[in-house]
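Remarks on the structure that follows.
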Amino acid sequence: MKTKGIKYSLAFFLSLLCGLLLSGCWDRNEINDLAIVLATGIDYSHQKVELTAQIFIPRKSGSVSSTGSSESSPSGVTMIRTAEGSTIAEALNRLQRKVSREMFWGHCEVVVISEQAGKQGLREYLDFLLRYPQFREHAYVFTSGGEAKEVLALLDPLERSSAESLREMANLGLGSRVTLLELAQSIASPSGSAILSRMLISPADPGQKKLATTPYAKGISLFKDGYYVKTALEPVSVGVLLLSNELNNFIMPIELPQVKGAFSIRMNKVKTKLTPSIVNGTWGMGVHIESEGEVVLNTTNYDLANPVMLSKVEEAWLNRFKELAEQALQLAQKDLSADIYKFADQFRRYNAGIWKKNQENWLTIYRNMEVEITGNVIITDTGKSIEPQGIPHQASN
Amino acid sequence: MSKRQGAGGSSDGTVITGQPEIDGARLQSIFLDCSDMVFHTFQTNSRLSAVCIFCVGLCDAERIERQVLKPLAETEGGSPTVSSTQLVYTLQEASQAILDGFALLLMEGESNGTIYALSKNIGRTTEEPAAESTVRGPRDGFTESLESNLALLRMRLKIASFKSKTITMGTYTNTKVTLAFVEGLISPELVQEVERRLSRLKIDYVLESHSIEEGIVDERFSPFPQMLATERPDVVVSNLLEGRFVILVDGTPFSLVAPITLSSMLQSPEDYYQNIYISIAIRWMRYIFYIMSLLLPSFYVAITTFHQEMIPTVLLLSIARAREEIPFPALVEALIMEVSFEALREAGVRLPKQIGSAVSIVGALIIGQAATTAGIVSAPMIIIVALTGIASFMVPRYSASISTRLLRFPIMLLAGTLGLTGIILAIILLVIHLSSLRSFGTPYLSPIAPTSAGKLKDVWWRSIPWSKSR
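Residue numbers (the UniProt record's numbering), protein chains in the order written: chain V, 1 to 397; chain H, 1 to 470.
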């Protein structure tokens, strides 16, 4: 009697276990059945959204070379598929129809939005990318001057994929480093504007395949209220990056008045601090630039061991900064009347009550705002050499 | 020595009559067809008839001749010169004593027999334990002889409060089983409880201490060992000093120590023989690898089949590339590899040493090289299985490592069907089981759960011996 009970309970338990385990099996997704998407591109043409996916081809790279197919692309580990639709969701749906494996967006670390698509507004894309479960919110976002799918189609000879090279560039701090979440937050913030690095395609080396090349960062795409408005190119883009606190890895030439030649300074640290103030109803913004750098090139005949000379260079450097900042401010305040540098966020943080009252006519306030630029720059190092090098007949001293 | 009893022959309570011819004949009928029994009938110097009975393999015949027979036969009123003697009064006692390796002497006119402890030392001498080798630390190990094992303990515990009680167990084997402990350190209730469990245990034969372990542990159907089997006297002594008891069984070098906890299974005696920092680091490594030996393949299977977003991108691409040509799902792949690894391991253990190494070479070639080249198993899976194997070798107690070997498979199935949810489910079930498990009244997870802060020190870090003595 007792053994019978045990038998029944065992059978019950086993059937329960089978039900539990087998139902789990259906959700199984082997890696072999996935199309791993490394980057997503969004284009807009003929009133349609074009969604492009860069998909990893999981062939053993070793076996490709052993077959001797040198005709294949340099790395050849990615391919792209594009589909269009009236909305981005529809495009995604159609895109899946073109790929034999289940598309897996969980590793999409790069999103490229063409400026053309940006003109239609980022809202739809952002909502989708932040709502669709698989997308990463810390994927880096870039814009492209041309079509996004062309950037994704590149087969970078150096990196595993062009997605990887874009990601690495963002990590290096070339241009602005903006993630999907940051982009959405920045558009949702009081300033309502955003900046994104703009990618172009460098021409392939002679003799190489057309696609065997690298994207490169050139300029900054400016977004106002979620819409693309303008591209800032050098030197204005430097000022934009400076005011956005995103200037990294930059070498800047400095010229002194009445001096032949120039110094080049590599910046190790650039920090911009915004200090809002409201005095007697007058809104003002203080921009303070802190920077440290070292001289990497000196084509003048002056010796930097001389502290007077050094402070002159520092002064010229600061003036150059101010000049760049003013250009960038001119662009944002007067030309675009877009609050690119998030002054609004600063004011709201500074005094939320007053900000709320003046929120309506913020743009007028912004356009006429006095901005005071101050700074403190230090040359920490003059490089390996002290006196200028390569000047003829100088060695005897 | 406790009372002699048992089924050592078709004996009854017949008393010894004092006439060696009659008693000898009776014993001869008991030991009919026992070719190893020697019945030596002789006359002493004082013309008394006597018979000496012993088992030829167990007793030292030369010493019997020199110390018992010679003094009796040659000297007037001479008596045997043996230090350890005892008197027996019934034939049953006598026959049992002979079977235990004593020599029995029956003299005319004496209504008792005398037994002499003149047993021969059979078996091996003390060697380094094979299953628990050490770099630094004592190298002597237990042998099959209970007396010498007890001596090894006594050698280290030269105090009177080190007590040992011997009983015989096994209807057919009459094996001596000794319960040893240090009085004052162990709780008397625990000793009583063990004695109660041992006395209740009815068993036909005891060839290895595990048959006793199975009979007296709290939960015999648990995959986790609740007694520590060791063949190292220093391990036993350190456990005795922590208030545990040891059960030594005649005929096997493996002694049983209890009560134990999970954390003590993961501690090696060598921890205490090394620099404290190194011991702590190694101890932690062991904890981590113990968990790895249980969960690593399951984790790999779960993540690669259900949670691909959790793998770092670059790693995922490498895995995807390696897995591309593999015909099996990750779960099947893992099961194939784990089963063949276990088979290989089992084969290596059972085979003679010379062939064992050959097996491991062949196995390494087949499992490692050929399987990946043929595209049957992916290289990451090989790494996982190898790591798991190494992890299970890191557990210092063999009995603890085999429990994870076994549990790995159901967890793998859960992981392959439910993903990380399955692993969590398995962990929850395991924790429920472990926290309800007790080893002789001690919670198996103590001192972690229930927490006792003082004892936790020896789990997180390592206690220092001199700090224990107040």
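Yeah, the Cβ is synthetic: ideal placement off N, Cα and C, and Gly gets one too. All values reported here derive from a predicted model rather than from experimental measurement.
Open item on the list: For residue 198 of chain V, report the span of its beta strand (DSSP E) as first-last.
Closed with: Your numbering for residue 198 of chain V matches position 198 in the first sequence. Where residue 198 of chain V is concerned, the enclosing beta strand (DSSP E) stretches over 193–201.
Open item on the list: For a test of the three-state rule: what should DSSP assign to residue 81 of chain V, helix, strand or coil?
Closed with: Numbered from its first residue, the first sequence carries residue 81 of chain V at position 81. Strand, per DSSP.
TODO: My understanding is that residue 250 of chain H touches residue 146 of chain H, with C-beta atoms under 8 Å, so please give their C-beta distance in whole angstroms.
DONE: Numbered from 1 along the second sequence, position 250 holds the residue referred to as residue 250 of chain H. Numbered from 1 along the second sequence, position 146 holds the residue referred to as residue 146 of chain H. Yes, residue 250 of chain H and residue 146 of chain H are in contact; Cβ-Cβ is about 4 Å, under 8 Å.
Task: Residues of the region 77–106 of chain V whose Cβ lies closer than 7 Å to any Cβ of chain H, in chain order - done: 104, 106
Open item on the list: If you reduce the DSSP assignment to three classes, tell me which class residue 66 of chain V lands in.
Closed with: On the first sequence, residue 66 of chain V is found 66 positions in, with the first residue counted as 1. Low local confidence applies: a pLDDT of 40 at residue 66 of chain V is under 50, so the model's placement there is unreliable, and no value is given.
TODO: Closer than 6 Å by C-beta to residue 84 of chain H: which residues in its own chain qualify, once you throw out the five before and the five after it? Chain order, please.
DONE: As a position in the second sequence, residue 84 of chain H is number 84, starting the count at 1. Once the five neighbours on either side are set aside, the close Cβ partners of residue 84 of chain H are 117.
Task: Contact belief for residue 106 of chain H with residue 16 of chain H at Cβ below 8 Å, rounded distance in angstroms - done: Along the second sequence, read from residue 1 onward, the residue named residue 106 of chain H stands at position 106. Along the second sequence, read from residue 1 onward, the residue named residue 16 of chain H stands at position 16. Rounded, the Cβ-Cβ distance is 7 Å, consistent with contact.
Open item on the list: Below 7 Å on C-beta distance, what does residue 305 of chain H contact in chain V?
Closed with: Walking along the second sequence from the start, residue 305 of chain H turns up at place 305. The answer, in chain order, is 28, 29, 30.
TODO: Can you pull the chain H residues whose beta carbon is under 8 Å from the beta carbon of residue 56 of chain V, in chain order?
DONE: Mapped onto the first sequence, residue 56 of chain V falls at position 56. Those are 317, 320, listed as they occur along chain H.
- [ ] Taking a Cβ distance cut-off of 8 Å, strictly less, list which residues of the region 31–51 of chain V are near chain H, in chain order.
- [x] Contact annotation: in the region 31–51 of chain V, residues whose CB is within less than 8 Å of a CB in chain H are 31, 32, 34, 36, 38.
Task: Separation of residue 309 of chain H from residue 36 of chain V, as counted between CA atoms - done: Position 36 of the first sequence, counting from 1, holds the residue named residue 36 of chain V. Position 309 of the second sequence, counting from 1, holds the residue named residue 309 of chain H. One C-alpha to the other measures close to 10 Å.
Open item on the list: Taking the straight line between their C-alpha atoms, what separation do you get for residue 380 of chain V and residue 283 of chain V?
Closed with: Looking up residue 380 of chain V in the first sequence gives position 380. Looking up residue 283 of chain V in the first sequence gives position 283. One C-alpha to the other measures close to 35 Å.
- [ ] Write down the C-beta distance between residue 342 of chain V and residue 375 of chain V rounded to the nearest angstrom, noting that I regard them as a contact closer than 8 Å.
- [x] Here residue 342 of chain V refers to the residue found at position 342 when the first sequence is read from its first residue. Here residue 375 of chain V refers to the residue found at position 375 when the first sequence is read from its first residue. Their Cβ separation, rounded to whole angstroms, is 19 Å, which puts residue 342 of chain V and residue 375 of chain V out of contact at 8 Å.
Open item on the list: 9 Å is my cut-off, CB to CB: does residue 377 of chain H come that close to chain V?
Closed with: Stepping through the second sequence from its first residue, residue 377 of chain H is reached at position 377. No, residue 377 of chain H lies away from the interface with chain V (no Cβ there is under 9 Å from its Cβ).
TODO: Over the uninterrupted alpha helix (DSSP H) stretch that includes residue 169 of chain H, give me the two end residues.
DONE: Reading the second sequence from its first residue, position 169 is the one you call residue 169 of chain H. Counting along the chain, residue 169 of chain H falls outside any alpha helix (DSSP H), though it belongs to the beta strand (DSSP E) covering 162–169.
Open item on the list: Just checking: is the beta-carbon of residue 109 of chain V within a distance shorter than 9 Å of some beta-carbon in chain H?
Closed with: The residue you call residue 109 of chain V lines up with position 109 of the first sequence. Residue 109 of chain V counts as touching chain H.
TODO: Answer with buried or exposed for residue 169 of chain H, where buried requires no fewer than 16 other C-beta atoms within 10 angstroms of its C-beta.
DONE: Within the second sequence, the letter at position 169 stands for residue 169 of chain H. Buried: at least 16 other Cβ atoms inside 10 Å.
Task: Segment limits, alpha helix (DSSP H) that includes residue 284 of chain V - done: Position 284 of the first sequence holds residue 284 of chain V. Note, residue 284 of chain V: premise wrong, no alpha helix (DSSP H); beta strand (DSSP E) at 282–298.
- [ ] Kindly identify the DSSP beta-bridge partner or partners of residue 257 of chain H.
- [x] Locating residue 257 of chain H in the second sequence gives position 257, counting from the first residue. For residue 257 of chain H, the pairing in a beta bridge is given by DSSP as H:228, H:246.
Open item on the list: When you compare the CB of residue 53 of chain H with every CB in chain V, is at least one pair closer than 9 Å?
Closed with: Start at 1 with the first residue of the second sequence, and residue 53 of chain H comes out as number 53. No, its Cβ sits nowhere closer than 9 Å to a Cβ of chain V.
Task: Where the alpha helix (DSSP H) containing residue 46 of chain V begins and where it ends - done: Against the first sequence, residue 46 of chain V aligns to sequence position 46. Counting along the chain, residue 46 of chain V falls outside any alpha helix (DSSP H), and DSSP gives it neither H nor E.
Open item on the list: By the DSSP assignment, the beta strand (DSSP E) with residue 373 of chain V in it spans what residues?
Closed with: The sequence position of residue 373 of chain V within the first sequence is 373, counting from 1. Its beta strand (DSSP E) spans residues 370–381.
Task: Backbone CA spacing between residue 273 of chain H and residue 267 of chain H [nearest angstrom] - done: Position 273 of the second sequence, counted from the start, is the residue given in the question as residue 273 of chain H. Position 267 of the second sequence, counted from the start, is the residue given in the question as residue 267 of chain H. Rounded to whole angstroms, the gap between the alpha carbons of residue 273 of chain H and residue 267 of chain H is 12 Å.
TODO: Could you check if residue 41 of chain V is buried or exposed, using at least 16 other CB atoms within 10 Å of its CB as the buried criterion?
DONE: Along the first sequence, read from residue 1 onward, the residue named residue 41 of chain V stands at position 41. Burial call: buried.
TODO: Answer yes or no: do residue 54 of chain V and residue 80 of chain V have a C-beta to C-beta separation smaller than 9 Å?
DONE: Residue mapping note: residue 54 of chain V aligns to position 54 of the first sequence, counting from 1. Residue mapping note: residue 80 of chain V aligns to position 80 of the first sequence, counting from 1. Yes, the pair counts as a contact, with Cβ atoms nearer than the cut-off.
TODO: Counting only the same chain and skipping the five closest in sequence on each side, list residues whose C-beta sits under 6 Å from that of residue 356 of chain H.
DONE: Looking up residue 356 of chain H in the second sequence gives position 356. 348, listed in sequence order.
Task: Beta-carbon contacts of residue 406 of chain H that lie in its chain and below 6 Å, excluding the five residues immediately before and after - done: One-based indexing of the second sequence puts residue 406 of chain H at position 406. Taken in chain order, the residues that qualify are 223.
Task: Length of the line joining the Cα atoms of residue 258 of chain H and residue 361 of chain H - done: Residue 258 of chain H sits at position 258 when you count from the first residue of the second sequence. Residue 361 of chain H sits at position 361 when you count from the first residue of the second sequence. Each residue's Cα considered, the two are about 39 Å apart.
TODO: Establish whether the CB of residue 189 of chain H and some CB of chain V are separated by less than 9 Å.
DONE: Counting from 1 along the second sequence, the entry for residue 189 of chain H is found at position 189. Residue 189 of chain H does not count as touching chain V.
TODO: Give me the Cα-Cα distance between residue 34 of chain V and residue 127 of chain V, rounded to the nearest whole angstrom.
DONE: In the first sequence, residue 34 of chain V corresponds to position 34, counting from 1. In the first sequence, residue 127 of chain V corresponds to position 127, counting from 1. Going from the Cα of residue 34 of chain V to the Cα of residue 127 of chain V covers about 24 Å.
Open item on the list: Quick check: what's the CA-CA separation for residue 214 of chain V versus residue 396 of chain H?
Closed with: Stepping through the first sequence from its first residue, residue 214 of chain V is reached at position 214. Stepping through the second sequence from its first residue, residue 396 of chain H is reached at position 396. The C-alpha of residue 214 of chain V lies about 54 Å from the C-alpha of residue 396 of chain H.
TODO: Within 10 angstroms of the Cβ of residue 149 of chain V, are there 16 or more other Cβ atoms? Answer buried if so, exposed if not.
DONE: Position 149 of the first sequence, counting from 1, holds the residue named residue 149 of chain V. With a threshold of 16 other beta carbon atoms within 10 Å, residue 149 of chain V meets it and is buried.
- [ ] Might you give, ordered along the chain, the residues of its own chain that have their beta carbon closer than 6 Å to the beta carbon of residue 40 of chain H, omitting 5 neighbours on each side?
- [x] As a working note, residue 40 of chain H is residue 40 in the second sequence. So the qualifying residues of the chain are 52.
Open item on the list: Tell me which residue opens and which closes the alpha helix (DSSP H) that residue 391 of chain H is part of.
Closed with: In the second sequence, the residue the question calls residue 391 of chain H occupies position 391. Its alpha helix (DSSP H) spans residues 379–394.
- [ ] Sort out for me which residues DSSP pairs residue 274 of chain V with in a bridge.
- [x] As a working mapping, residue 274 of chain V is identified with position 274 in the first sequence. Answer by DSSP bridge pairing, in chain order: V:287.
TODO: Give a yes or no on whether the minimum CB-CB distance between residue 389 of chain V and chain H is below 9 Å.
DONE: To locate residue 389 of chain V, count along the first sequence from 1; it is residue 389. It does not; no Cβ of chain H falls within 9 Å.
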